[in-house]
Amino acid sequence: MNFSQWLGFSVLIIIVYIFWRIRNLLLLLFTAVIIANALNHGVKQFQNWGIRRGYAVLISMVLLLGTLGGFFWLIVPPFAEQLPELVKLVPKGIERLILTLKEQVSYLDPEFRQALPTLENLTKQLQPLSQQIISQSLSVFYTTLGIPLSILLLLVLSLMLLANPQPYRQGFIRLFPSFYRQRVDQILVQCDEALQGWLMAILCNMTIITILSFIGLSILGIPLSLAQALLAGIFTFIPNIGPALSVIPPIAIALLEAPWKSIAVLILYILIQQLESHLLTPLLMFRQASLLPAVTLLAQLFFATIFGVLGLLLALPLAVVGQVWFKEVLIKDILDQWKPY
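For the sequence shown, my numbering assigns the number 308 to the initial residue and increments by one for each residue that follows.
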């Protein structure tokens, strides 16, 4: 390697190191891009009606704040009222579940009964893991001035990207060689469409699953059905892992009511997840190539390892954007164009 090649390689190493050091800031920027992308869909619709972009941005922000305000006014008070009671009942239900399992398997193998953990042992084992996850997730938002300023920074970045996105877009495109800039612009359009499709699909999924869970739990007579249904909807944001976590509280609480109710709750959640997997997701995300389940799980593990809980939450949009770049750049522009000499 000559001097210029060594210099280029050294610059590449330095850039990779800098990106690694500011990875949390980059994730914060990506979150702002997602928020701006979501609001930009409404802004464009207002612009199609002849409204100037500045006013369109203002109207979109007012509608967003109004929607959030209505949500907090209607949903959050009863949810906040039920959540403390839910937190109290779930450990009791888990303890009851462990005792039930011990009773069921004791006649098969007495040693296996003793091997089953108690709630106290589970708490001791999970406490270090939970503390590590919380510290990693909080570190994403920490800056020199703390979490509040980071949240304010996120909102300001989102608003700035939404108000005038073209200079930032063009600045990113100019980072690429001149012959490839038009192609990068096309890829960014596809990323924008993929993110909008994912966001609309996940919001619809969360809403439908929340409604179905609330109806099903209410019919079964499970206490605190609103809080548990909202948790089921929120956990839908995390594929694979979320649905498994969302079923634990209702099963534990149902077991306190009657054993058959816990089985009914499990069947209910399986049916809802099958509906989401085989009907809602294909119907709502038909415009974009779906991620393979193994790819989704690997993306969750990868981004959670690097960024913590926020990386787990944003793993799917990161994977969606990554899939677009992988398909367009590596597959179409490099491998498909590769010709043997």
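Glycine is no exception: its CB is placed at the ideal position from the N, C-alpha and C atoms.
query                                                                                                                  : result
The alpha helix (DSSP H) enclosing residue 348, as first and last residue numbers                                      : 330–355
Three or more C-beta pairs below 8 Å linking the region 526–533 and the region 495–505                                 : no
Residue 586 versus residue 518 - alpha carbon distance                                                                 : 16 Å
Assumed close pair residue 619, residue 607 - CB separation to whole angstroms, cut-off 8 Å                            : 6 Å
Nearest-angstrom beta carbon gap, residue 470 and residue 636 [assumed within contact, 8 Å]                            : Rounded, the Cβ-Cβ distance is 29 Å, inconsistent with contact.
Cβ neighbour criterion (16 or more within 10 Å) applied to residue 342                                                 : buried
Cβ-based burial, residue 347 [other Cβ within 10 Å; buried from 16]                                                    : buried
Three-state class that DSSP yields for residue 499 in the structure shown                                              : helix
Nearest candidate by alpha-carbon position, reference residue 626, set 392, 545, 358                                   : 545
CA nearest to the CA of residue 499, picked from 516, 359, 366, 624                                                    : 624
Cβ-based neighbour list, residue 464, same chain, cut-off 6 Å, excluding 5 preceding and 5 following                   : 339
Top-ranked residue by Cα proximity to residue 512, from 568, 476, 583, 573                                             : 583
Buried versus exposed call for residue 458 [16 or more other C-beta atoms within 10 Å across all chains shown]         : exposed
Spatial neighbours of residue 370 in its chain, beta-carbon cut-off 8 Å, leaving aside the 5 residues before and after : 349
DSSP-derived helix/strand/coil call for residue 644                                                                    : coil
Proximity below 8 Å, CB of residue 400 to CB of residue 560                                                            : yes
Cβ-Cβ separation, residue 610 to residue 622 (assumed contact under 8 Å), whole Å                                      : 4 Å
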